[in-house]
Each structure stands twice: as structure tokens, then as C-alpha cells.
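These notes are about the structure you will find just below.
Protein chains in written order, with my numbering: chain C, 1 to 202; chain Z, 203 to 466.
The following block contains the structure:
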């Protein structure tokens, strides 16, 4: 399909877009923390890819090439805006509103609340990481690239990638443990030390 | 963490992400049995990885739309300009060839001589017959080879035809969907059937690779050239047959004129 797209087949390129749009958006969103900007970056990334298809020699995987374009665009955006990744305000843990939105029978409302809290905590902790560590974690954890692929994409030695990943995970672990401790402490203060669950709130 | 920190850390990450070789994995498992620090370390890293899964991404509709407007763009704007130019050159070549056949028919002095015989000019009769006989057949070299081969059509020839066609016809495929209007003294205007055929052909090229388009253009050009060649040969045969009939008629007229002269 990549060969067909490179030869100018628009249908093939559209299929590639369909295949990779979601991962590319996820990478842009997690890097920038903003939905609108992430959408713009995805649009730009595919336009650049389309224009640059002739120059794609197939030495790297098509996905790695797309990821690299996306990361460069995100970096440009952050440099231009002089911004660090934005952390979206944590979504409210209004149990009643969540119960209304809750559609999956496999996940309880309590689990949903916990997952959203954890999502916000992870986002916050990731935003504070140095860019290199954040990128290494994102490419490894959320996109499943091998260490070798990440090293080639970021033009750095394999050991550097592993060091960045390890350091990033270590920092995240400490921050998440601290945040979880703070949340637990806050709950104890608010609910008098009871093990509050959504069912008791309702 | 044990003393061989960096080495063990790398091996630990390889195991954590399933990138360790079987032997490295066994070695790490042996190490973890004896090292509490590393065992705790890898356990906490696994927990962080699980926490990271909680960060989901909002659902989004597709943001990719650049190809969507293609449906409202006229077909001729989707065809590569060189393909349009080649199609125009095909029309031009067909027109020129058709004009050539016409000229061989209309431009011959034999035909005019047959239409305007001079019955009273008996002295001209033998010469006329002789001249007619000498000119009555179109020679094989004028008919040309039976078939035009693919080796006779190459990109350079196409390029030359394109330039000639664009220069002489004033046809600009990027500005107009139809050829510019032509005066009666200009090149032939293609008939609707031919135009439709060319449009269908050009549309069939949309979306094909460049190599496929070149191949299709070449085949099309070859087909048109061969069709044109057969048409020219057929026309030449008919012209020959007509010429013979005209000459017979002319000879008869000369006989009548001769007898009239004798009667007078």
C-alpha cells in the first residue's frame, strides 16, 4: 500500500491515513495536551507526508516516518508557542454525571472515576517530564515501538533511549505514588476516614 | 539496585518490554531470585506501566479531508496535464493524417482533369489518357507499412507531438475543457464521437500510476495510429477504384467527342 501511495495512488494514501490517523492523533494529543492543536498537527503531518512521499525511500517503517514528522511538528508548535505540554483540567468526578455517561457494563462507575482520576494524574506527571523522557515513554508505551526503532527515530544510541525511558518511568512512579497518597489523604479528611466509594455517595 | 546498575537496568527494561533474548531473560530471572532490590524495582515499573494505560485519548472524527473536494473538480483537472497534452496531440495527429488523405484526393490534378474534359480538344486525348494511366494508381510506398510498431512510438516522439499540437492548435487543457474554437482554415475539429472516446480514455487514466498511464497512452496512440493507417489504406484503395472509373468515363467521353468531330 505504501508503494502504491508512493507511486501517486490517492486511494492507497487515503487508506494509509485511515490506518494511522488515530495513532498519530494520540501522539500529537499526548505531546501537546490540546485537542484542537493535535488535530491541526495531524492534518499537517499527513499533508507533509503526502507531499514528501516521493522522498520516502522505505528505509524506515512508514509509521516511524509519520511519527517523526508528527513529533517535529509538535516540537515546532511548542517552540513557536513557547509552551510546555498543556494539562487539560481534570474532568470532574461528579459521580452522578459520570453515572449518566457510563455506558460500559464491564466497568463500574467506581472504576470509571478511578480511571479518570488516574488519567488526569498521569497527564499531569507526564507534562512535568523533560521532553526526551516523555517522548521515549510515549513511543514505547503507547505506540509499541522497539528500542531500536525509537533510537533510529530520535537519532540517538540505544542505551540513551533505555536510560531516558528508565529515568522517566522512575520519576513518574514517584510522582504518581505521591499524588495517590495525597488523594487518599484528601479523601480521609473529607469523608472522615471512611473508604468512600461512589455507591456510598449515591 | 545491584552494583552492575546500567547493565542490569537495560536487561530489566528488555525483559519488561519483551525484547530480551531467551538467554538474557533466563539470566535476569536468576538475578531476580537473588536480588530483592531489583525484584522490587521491576515490580514498581510494571505498576507504573499499568497506571500509564489510564491516560486515554478523546475520540475524534477524521481530520483528513484534502481529497474530499476531488469529487466536484471537473475530470479534466484531475488528469495530468501531460496526459491531456498527449490526448490533444492524438487529436492533432489524426486531424493532420485525415487532412493528408483529403489533400491527396482533392489536390490531385487528375481529378480536376476528369471533371473538366475538353471534348473539342481531340489532340489532348492520347496525352490525357497516358497521363491518367501513369497517375491512376497510388503506389505501395504511398500506402505505407501494414502496421505501426510500438518501437515507432517513444516518449520523445510523444513530446514532439505534444509541443507541435499545443503550438498549432492553441489547445490549453488547463484553461478550458473544450478546444478553442477554430476557423475553417484551422485544424480539423474532432467529431463528438472521437472527443467522447478521448474523454473516456483520459478519465480511465485517473488514479493510475505514472508508469501505467504512459503504457496506456502508448497503447492508445498505437491503436489510433494503426486505425488511422488502415483508414488511409482503405481510402487509397477507394481513390484508386474511383480514379479507374473516372478514367474509363473520360475515355468514353473522348470517344464521343472524336465521333462528333468526325460527324461534323
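No residue lacks a Cβ here, since even glycine has one placed at the ideal position from N, Cα and C.
With residue i as the anchor, note down where its alpha helix (DSSP H) starts and where it stops.
{"i": "residue 29 of chain C", "result": "10-32"}
{"i": "residue 129 of chain C", "result": "First-last for residue 129 of chain C: undefined, no H or E at that position."}
{"i": "residue 233 of chain Z", "result": "224-236"}
{"i": "residue 152 of chain C", "result": "147-154"}
{"i": "residue 422 of chain Z", "result": "412-465"}
{"i": "residue 257 of chain Z", "result": "Run containing residue 257 of chain Z: none; DSSP gives neither H nor E here."}
{"i": "residue 403 of chain Z", "result": "394-406"}
{"i": "residue 215 of chain Z", "result": "207-218"}
{"i": "residue 35 of chain C", "result": "35-52"}
{"i": "residue 1 of chain C", "result": "Taken as a continuous stretch (DSSP letters only), residue 1 of chain C belongs to no alpha helix (DSSP H), as it is neither H nor E."}
{"i": "residue 67 of chain C", "result": "62-81"}
Give the residues of chain C in contact with residue i, contact being defined as C-beta atoms less than 8 Å apart.
{"i": "residue 260 of chain Z", "result": "29, 35"}
Using a C-beta cutoff of 8 Å, does residue i count as contacting chain C?
{"i": "residue 247 of chain Z", "result": "yes"}
{"i": "residue 266 of chain Z", "result": "yes"}
{"i": "residue 271 of chain Z", "result": "Because the pLDDT at residue 271 of chain Z is just 46, under 50, the model does not fix this residue reliably, and the point stays unresolved."}
{"i": "residue 215 of chain Z", "result": "yes"}
{"i": "residue 211 of chain Z", "result": "yes"}
{"i": "residue 226 of chain Z", "result": "no"}
{"i": "residue 207 of chain Z", "result": "no"}
{"i": "residue 253 of chain Z", "result": "yes"}
For a cutoff of 8 Å on Cβ pairs, would you count residue i as touching chain Z?
{"i": "residue 159 of chain C", "result": "yes"}
{"i": "residue 140 of chain C", "result": "yes"}
{"i": "residue 53 of chain C", "result": "no"}
{"i": "residue 32 of chain C", "result": "no"}
{"i": "residue 113 of chain C", "result": "no"}
{"i": "residue 5 of chain C", "result": "no"}
{"i": "residue 92 of chain C", "result": "With a pLDDT of only 48 at residue 92 of chain C, under 50, the local geometry of the prediction cannot be trusted, and the value read off the model is given with reservation. Not closer than 8 Å to any Cβ of chain Z, the Cβ of residue 92 of chain C fails to qualify, so no."}
{"i": "residue 62 of chain C", "result": "no"}
{"i": "residue 56 of chain C", "result": "no"}
{"i": "residue 2 of chain C", "result": "no"}
{"i": "residue 39 of chain C", "result": "yes"}
{"i": "residue 110 of chain C", "result": "no"}
{"i": "residue 81 of chain C", "result": "no"}
Taking its Cβ as the centre, do 16 or more other Cβ atoms sit within 10 Å of residue i, making it buried, or is it exposed?
{"i": "residue 168 of chain C", "result": "buried"}
{"i": "residue 137 of chain C", "result": "buried"}
{"i": "residue 149 of chain C", "result": "buried"}
{"i": "residue 398 of chain Z", "result": "exposed"}
{"i": "residue 461 of chain Z", "result": "exposed"}
{"i": "residue 432 of chain Z", "result": "exposed"}
{"i": "residue 119 of chain C", "result": "buried"}
{"i": "residue 162 of chain C", "result": "buried"}
{"i": "residue 447 of chain Z", "result": "exposed"}
{"i": "residue 182 of chain C", "result": "exposed"}
{"i": "residue 465 of chain Z", "result": "exposed"}
{"i": "residue 72 of chain C", "result": "exposed"}
{"i": "residue 45 of chain C", "result": "buried"}
{"i": "residue 253 of chain Z", "result": "buried"}
{"i": "residue 80 of chain C", "result": "exposed"}
Along chain Z, which residues have their Cβ under 8 Å away from the Cβ of residue i?
{"i": "residue 119 of chain C", "result": "256, 257, 258"}
{"i": "residue 26 of chain C", "result": "259"}
{"i": "residue 226 of chain C", "result": "Chain C is shown from 1 up to 202; residue 226 of chain C falls before or after that span and cannot be answered."}
{"i": "residue 182 of chain C", "result": "Within chain Z, no residue comes near residue 182 of chain C; the closest Cβ sits about 15 Å away, beyond 8 Å."}
Could you name the residues of chain Z that residue i contacts, counting a contact when the two beta carbons are closer than 7 Å?
{"i": "residue 132 of chain C", "result": "What residue 132 of chain C touches in chain Z: nothing, since even the nearest Cβ is about 16 Å away."}
{"i": "residue 146 of chain C", "result": "221"}
{"i": "residue 122 of chain C", "result": "253, 254, 256, 257"}
Output, in chain order, the set of chain C residues within a Cβ distance shorter than 7 Å of residue i.
{"i": "residue 250 of chain Z", "result": "169, 172, 173, 176"}
Going along chain Z in order, which residues have a C-beta closer than 9 Å to the C-beta of residue i?
{"i": "residue 42 of chain C", "result": "262, 265, 266"}
Less than 8 Å between CB atoms is the rule here; does residue i satisfy it with respect to chain A?
{"i": "residue 6 of chain C", "result": "The displayed structure is made up of protein chains C and Z, and chain A is not among them."}
Notebook entry, point to check: Relative to chain Z, which residues along the stretch 150-179 of chain C have a C-beta separation below 7 Å, given in chain order?
Noted result: 159, 162, 165, 166, 169, 172, 173, 176
**Asked** Mind listing which residues of the stretch 8-19 of chain C have their C-beta closer than 9 Å to chain Z's C-betas, in chain order?
**Response** 8, 9, 10, 11, 13, 14, 17, 18
inquiry  = At a CB distance below 7 Å, what residues from the stretch 393-416 of chain Z approach chain C? Give them in sequence order.
reply    = 409, 411, 412
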